[in-house]
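Each position in the sequence shown, counted from 1, maps to that position plus 4 in the working numbering.
Heads up, the thing below is written out as structure tokens.
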Amino acid sequence: MTSNGRKIREQILALLRRKDYQPLDKSDIARKLGLKGRERVALRHNLRELERAGEIARIRKNLYVLPAEADLVTGKLSIHRAGYGFLTSEKPGQPDIFIAAENTGTAMHGDRVVARISRDLPYERAKGRREGRVIRILERARDTIVGTLQHSRNFYYVVPDDPRIVHDIYVRPTGDRRSQTAATVGDKVVVRLETWESRHVNPEGEIIEVLGPASAPGVDTLSIIRRCGLPTEFPSEALKEADEIPEEIDAQQLKGREDLRDKFIVTIDPEDARDFDDAIHVEKLENSGRLLGVHIADVAAYVEPDSALDREARRRGNSVYLPDRVIPMLPERLSNGVCSLNPEVDRLTHSVFIHFDRNGVARSARFARSVIRSAHRLTYKQAYAILKSAPRDGLSQRLHIAWELAALLRRKRFQHGALDLDFPEVKVLVDQDGYPVRLERIENDESHQLIEEFMLAANEAVARELKKRAIPTIYRVHENPDLEK
5 MTSNGRKIRE QILALLRRKD YQPLDKSDIA RKLGLKGRER VALRHNLREL ERAGEIARIR
65 KNLYVLPAEA DLVTGKLSIH RAGYGFLTSE KPGQPDIFIA AENTGTAMHG DRVVARISRD
125 LPYERAKGRR EGRVIRILER ARDTIVGTLQ HSRNFYYVVP DDPRIVHDIY VRPTGDRRSQ
185 TAATVGDKVV VRLETWESRH VNPEGEIIEV LGPASAPGVD TLSIIRRCGL PTEFPSEALK
245 EADEIPEEID AQQLKGREDL RDKFIVTIDP EDARDFDDAI HVEKLENSGR LLGVHIADVA
305 AYVEPDSALD REARRRGNSV YLPDRVIPML PERLSNGVCS LNPEVDRLTH SVFIHFDRNG
365 VARSARFARS VIRSAHRLTY KQAYAILKSA PRDGLSQRLH IAWELAALLR RKRFQHGALD
425 LDFPEVKVLV DQDGYPVRLE RIENDESHQL IEEFMLAANE AVARELKKRA IPTIYRVHEN
485 PDLEK
């Protein structure tokens, strides 16, 4: 923002905050502030931005006020499948506002809206919760909707997959020449919203993509991808940066790193995993102590700040795991290649070393940038089989030593009040055509518990270090359980 734009913004807010201010439109505001020519253009821009930010509100006859003066609240609307919703204010500490179905207007689930609090409409079922009415949509959560094409006697319509979108969308007949995409009744389609003038009529849209028959293999997964707006392609610039990353580690990258390539380090992951981002090793110490090493792939060593890869990873936020595919946060060359802790290759890592005494008490922790060479890639099933048999070689001996430590840490955790939330986890297995063929229960056996305990120990060590250094961070904590439940 230019200094002039910032000045006009401050002038607008100062004017609206005056005790003697009466609601004005943009022309009257311009006269009050003595703005002319290009300054009036800047005024219009700043009024739009301030309204979008929820700092000012536009009421009847396009008059501007502070939101609190007109009982207006800006926030995100969450709609229940029954049609009513709740508005979460953007101001921290403000209670939610109940929005009855007839008061949502043309707003949809997830939209950023402005609502007016209705003082004469107490929401008695929620013990006096404030009730409101949506008066303006500032930003749509989505401009496309995924659903199933249906046909009535006189029109075609799409039934949204998301039950929180309670209105069907009218679309042009598939034979209409203006329709750019051919679809048949029963197809999963993507619709772009075009018009929705009143909640008393259905919204209208245009089919922009046909995903296929609703019962066809893979269409359900594709529907989820489109509905959630998950990106399936990487920008060419990000792919170019990934392709330019060398497979081999050079001497410059090893500077300042602790060399752990002679340590017996292993990864333990699901059978179908393709990227291995953590590895472990355990050593016996004097006086029956143990040294635990947890090693995490150092992705930041390859992704430069504000590079195309960094921007795309920030936009995606995380990898998404679906029954028949993975949508990675980083291109496959990184996630499954140079950043994956594959066996028998050198990889850059961040390591934490925790010294436990014979009673499983963490006596010290040390952190280092490191380089490792994984000795083995184990699946959970392989690790479980080793733990259930007598040690017979170097690998099995080391894995049994690791389990002794993990079992000790697990016992101590439950002695200190941890809850055993061993809910059954089920994996859906699909064939090559995308049809689900069977459900497989994932057992929380010793191999899973071993990795679980070591990751918990590493996270606790990091949390303690951050707290000791007074570094602001986000902790994942839980409230004390309800004793009645």
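By construction, the Cβ of each residue, glycine as well, lies at the ideal position given by its N, Cα and C atoms.
Here the structure is a predicted model, which means the values were calculated and not measured.
Cα-Cα separation, residue i to residue j
{"i": "C343", "j": "L81", "result": "39 Å"}
{"i": "E316", "j": "A246", "result": "12 Å"}
{"i": "I12", "j": "L47", "result": "7 Å"}
{"i": "L443", "j": "G233", "result": "27 Å"}
{"i": "V175", "j": "A387", "result": "55 Å"}
{"i": "E251", "j": "G341", "result": "8 Å"}
{"i": "E456", "j": "Y384", "result": "12 Å"}
{"i": "S122", "j": "G136", "result": "5 Å"}
{"i": "D165", "j": "T152", "result": "7 Å"}
{"i": "D224", "j": "R52", "result": "40 Å"}
{"i": "R129", "j": "H171", "result": "Caution is warranted here: a pLDDT of 49 is assigned to R129, below 50, making its placement in the model unreliable, and no coordinate value can be reported."}
{"i": "R480", "j": "E469", "result": "15 Å"}
{"i": "S202", "j": "E14", "result": "36 Å"}
{"i": "R261", "j": "L403", "result": "26 Å"}
{"i": "P221", "j": "V195", "result": "21 Å"}
{"i": "E308", "j": "I101", "result": "43 Å"}
{"i": "D282", "j": "A372", "result": "15 Å"}
{"i": "K239", "j": "E213", "result": "Sequence inspection shows Pro at residue 239; the Lys mentioned does not correspond to that position. When rounded, the distance between both Cα atoms is 21 Å."}
{"i": "F159", "j": "V150", "result": "18 Å"}
{"i": "R517", "j": "L345", "result": "As displayed, the chain neither begins before 5 nor continues past 489, which places residue 517 out of reach and without an answer."}
{"i": "D191", "j": "I16", "result": "51 Å"}
{"i": "I478", "j": "S219", "result": "43 Å"}
{"i": "E241", "j": "L313", "result": "8 Å"}
{"i": "D254", "j": "D350", "result": "10 Å"}
{"i": "V118", "j": "L54", "result": "13 Å"}
{"i": "G89", "j": "D115", "result": "11 Å"}
{"i": "A105", "j": "G87", "result": "5 Å"}
{"i": "G406", "j": "H84", "result": "Per the sequence shown, the amino acid found at residue 406 is Ala instead of Gly. Approximately 48 Å between the Cα atoms of the pair."}
{"i": "R336", "j": "P395", "result": "Here residue 336 is Glu; the residue named in the question, Arg, does not match the sequence. Rounded to whole angstroms, E336 to P395 spans 37 Å at the Cα level."}
Reference residue i, options the options, closest by Cα
{"i": "S355", "options": "A461, D147 and G190", "result": "A461"}
{"i": "L296", "options": "E290, I253 and H285", "result": "H285"}
{"i": "D2", "options": "R56, R176 and H113", "result": "Nothing can be reported for residue 2, as the shown portion of the chain is limited to 5 through 489."}
{"i": "I141", "options": "Q154, N158 and T108", "result": "T108"}
{"i": "N463", "options": "N363, A369 and R396", "result": "A369"}
{"i": "I1", "options": "W407, A187, L226 and I211", "result": "Since the displayed the chain opens at 5 and closes at 489, residue 1 lies outside it and no answer follows."}
{"i": "I446", "options": "K471, A220 and E275", "result": "E275"}
{"i": "E198", "options": "D263, P221, T110 and R261", "result": "T110"}
{"i": "R64", "options": "I139, Y88 and H380", "result": "I139"}
{"i": "A305", "options": "K259, A283, N291 and R319", "result": "K259"}
{"i": "Y161", "options": "E143, A119, V118 and V205", "result": "V205"}
{"i": "L425", "options": "L412, P440 and N448", "result": "N448"}
{"i": "H482", "options": "F458, V194 and A422", "result": "A422"}
{"i": "P217", "options": "A186, K30, P99 and D314", "result": "A186"}
{"i": "R56", "options": "I83, A34, E143 and R133", "result": "E143"}
{"i": "V189", "options": "Y25, P207 and V163", "result": "V163"}
{"i": "R414", "options": "F458, P167, F427 and S400", "result": "F458"}
{"i": "P347", "options": "L76, H380 and R319", "result": "H380"}
{"i": "D24", "options": "E488, E73 and R10", "result": "E73"}
Beta carbon proximity, residue i to chain D, threshold 8 Å
{"i": "L295", "result": "Of the protein chains in this structure there is only one, and it is not chain D."}
Any non-hydrogen atom of the ligand ADP closer than 7 Å to residue i Cβ
{"i": "D486", "result": "Questions concerning the ligand ADP fall outside what the structure shown contains, since it holds no ligand whatsoever."}
Extent of the continuous alpha helix (DSSP H) to which residue i belongs
{"i": "D314", "result": "A312 to R320"}
{"i": "V365", "result": "Looking at the DSSP string, V365 is not in any alpha helix (DSSP H), and its letter there is neither H nor E."}
{"i": "D32", "result": "K30 to L37"}
Beta strand (DSSP E) segment containing residue i, residue limits
{"i": "Q154", "result": "T148 to H155"}
{"i": "Y325", "result": "V324 to L326"}
{"i": "K192", "result": "D191 to T199"}
{"i": "Y160", "result": "Y160 to P164"}
{"i": "R329", "result": "R329 to I331"}
{"i": "P217", "result": "E208 to P217"}
{"i": "G341", "result": "Counting along the chain, G341 falls outside any beta strand (DSSP E), and DSSP gives it neither H nor E."}
{"i": "I141", "result": "E135 to E143"}
{"i": "V205", "result": "Where V205 is concerned, there is no enclosing beta strand (DSSP E), given that its DSSP letter is neither H nor E."}
{"i": "V303", "result": "Premise fails: V303 is in no beta strand (DSSP E) and is neither H nor E."}
{"i": "V490", "result": "The shown model of the chain, from 5 to 489, leaves out residue 490, and the question about it has no answer."}
Segment contact, 8 Å Cβ cut-off, at least three pairs: the segment 32-52 with the segment 87-106 = no
What runs of the beta strand (DSSP E), each 3 residues or longer, lie entirely inside the segment 374-408?
-> 380-383
Touching or not, the segment 294-311 and the segment 357-377, by the rule of three or more beta carbon pairs under 8 Å?
-> yes
Would you say the segment 312-326 touches the segment 223-242, given that touching needs at least three Cβ pairs under 8 Å?
-> yes
Entirely within the segment 399-460 and at least 3 residues each: give me those beta strand (DSSP E) ranges in chain order.
-> 429-434 and 440-446
Check whether the segment 264-273 touches the segment 376-390, taking contact to mean three or more Cβ pairs, one atom from each stretch, closer than 8 Å.
-> These segments touch.
Beta strand (DSSP E) segments (min. 3 residues) lying fully within the segment 232-295 | 270-273 and 282-288
Counting Cβ pairs closer than 8 Å, one from the segment 389-409 and one from the segment 432-439, do we hit at least three?
-> Here the segment 389-409 does not lie against the segment 432-439, with fewer than 3 beta-carbon pairs under 8 Å apart.
Segment contact flag, the segment 68-81 with the segment 17-30, C-beta cutoff 8 Å, min 3 pairs = yes
Beta strand (DSSP E) runs contained entirely in the segment 40-117, provided each spans 3 or more residues = With a minimum length of 3 residues, the continuous beta strand (DSSP E) runs that stay inside the segment 40-117 are 61-63, 67-69, 76-83, 89-93 and 101-103.
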